[in-house]
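The numbering of the sequence shown is UniProt numbering, which starts it at 1 and goes up by one. Here is the structure we will look at, set down as structure tokens.
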Amino acid sequence: MEMDSHETQPIMTSSPQGRISLRPMTLSDVDDYMVWATDPKVARFCSWETCKSRDEGIKYITDSVLTHPWLRAICLEDDRPIGYILIMPVDKIRKEIGYVLARKYWGKGFATEAVRLVTAEIFKEFPEIERLEALVDVENVGSQRVLEKVGFTREGVMRRFYFMKGSVRDMIMFSFLPSDPLK
Numbered sequence: 001m002e003m004d005s006h007e008t009q010p011i012m013t014s015s016p017q018g019r020i021s022l023r024p025m026t027l028s029d030v031d032d033y034m035v036w037a038t039d040p041k042v043a044r045f046c047s048w049e050t051c052k053s054r055d056e057g058i059k060y061i062t063d064s065v066l067t068h069p070w071l072r073a074i075c076l077e078d079d080r081p082i083g084y085i086l087i088m089p090v091d092k093i094r095k096e097i098g099y100v101l102a103r104k105y106w107g108k109g110f111a112t113e114a115v116r117l118v119t120a121e122i123f124k125e126f127p128e129i130e131r132l133e134a135l136v137d138v139e140n141v142g143s144q145r146v147l148e149k150v151g152f153t154r155e156g157v158m159r160r161f162y163f164m165k166g167s168v169r170d171m172i173m174f175s176f177l178p179s180d181p182l183k
């Protein structure tokens with residue numbers, strides 16, 4: 001199954017706790033997107049810079065979100081997005097998971113629920129995957145905790161691994177295999 005096969009991807013999935021659901025983002029989500037996209041503390045560990053205007057947000061959603069092969073809005077019960085989660089192809093057997101959440105919702109378990117939900121389903125949706133990876137900045141302790149709570153294995157520090165926003169960063173490699181127990 002190809003990553004860009006949108007027709008085979010579920011439209012909405014709910015977490016067992018029922019606090020969040022995942023769905024494709026739409027252009028109508030732009031105002032909610034702007035909440036986290038304009039926050040420098042949210043963007044600190046992201047590859048993108050903060051969004052400066054609503055028009056810039058519309059362009060980003062149009063050019064990068066709507067065209068992404070697997071990106072879902074993380075929504076509260078009222079279907080309002082508070083962040084997003086994505087799966088990116090690395091090669092034929094590896095995918096990388098990434099996520100971002102509005103700062104107001106940090107530390108409340110929403111990112112952990114979203115990562116757990118996607119990790120539980122992604123190997124069914126893409127049976128060819130042998131490994132789900134996450135690269136996390138060594139200073140991004142919150143994201144490290146999210147992955148560990150779900151059951152990802154911390155494999156080690158990739159020294160001077162990633163160039164982002166003008167500096168070379170050390171990154172921590174996490175992985176989850178289909179045989180690993182979900183926590």
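C-beta: ideal position from N, C-alpha, C; glycine also. Keep in mind that this is a model prediction, so the values were computed, not measured.
Just so you know, the alpha carbons of glycine 151 and glycine 166 end up roughly 32 angstroms apart.
Listed in chain order, the beta strand (DSSP E) elements of length 3 or more contained wholly in the segment 65 to 143 are 71 to 75, 81 to 89, 94 to 101 and 131 to 137.
Considering only Phe123, Pro127, Lys149 and Arg169, the residue with the shortest C-alpha distance to glutamate 139 is Arg169. If you look at aspartate 170, you'll find it in the beta strand (DSSP E) that goes 167 to 176. Contact fails between the segment 87 to 98 and the segment 19 to 32, because fewer than three Cβ pairs, one in each stretch, are under 8 angstroms apart.
Within its own chain, the residues whose Cβ lies closer than 7 angstroms to the Cβ of aspartate 137, once the five positions on either side in sequence are excluded, are Phe45, Arg169 and Met171, listed in chain order.
Non-local beta-carbon contacts of isoleucine 93 in its own chain, meaning distances under 7 angstroms to residues more than five positions away in sequence, involve Glu128, Ile129, Glu130 and Arg131 in chain order. Taking 7 angstroms as the cut-off, the beta carbon of alanine 73 is found no closer than this to the beta carbon of cysteine 51.
In this structure leucine 71 is in contact with leucine 86, their Cβ atoms being roughly 4 angstroms apart against a cut-off of 8 angstroms.
Glutamate 113 counts as buried, since no fewer than 16 other beta carbons sit within 10 angstroms of its beta carbon. Following the DSSP letters along the chain, one finds glutamate 155 inside the beta strand (DSSP E) bounded by residues 153 to 164.
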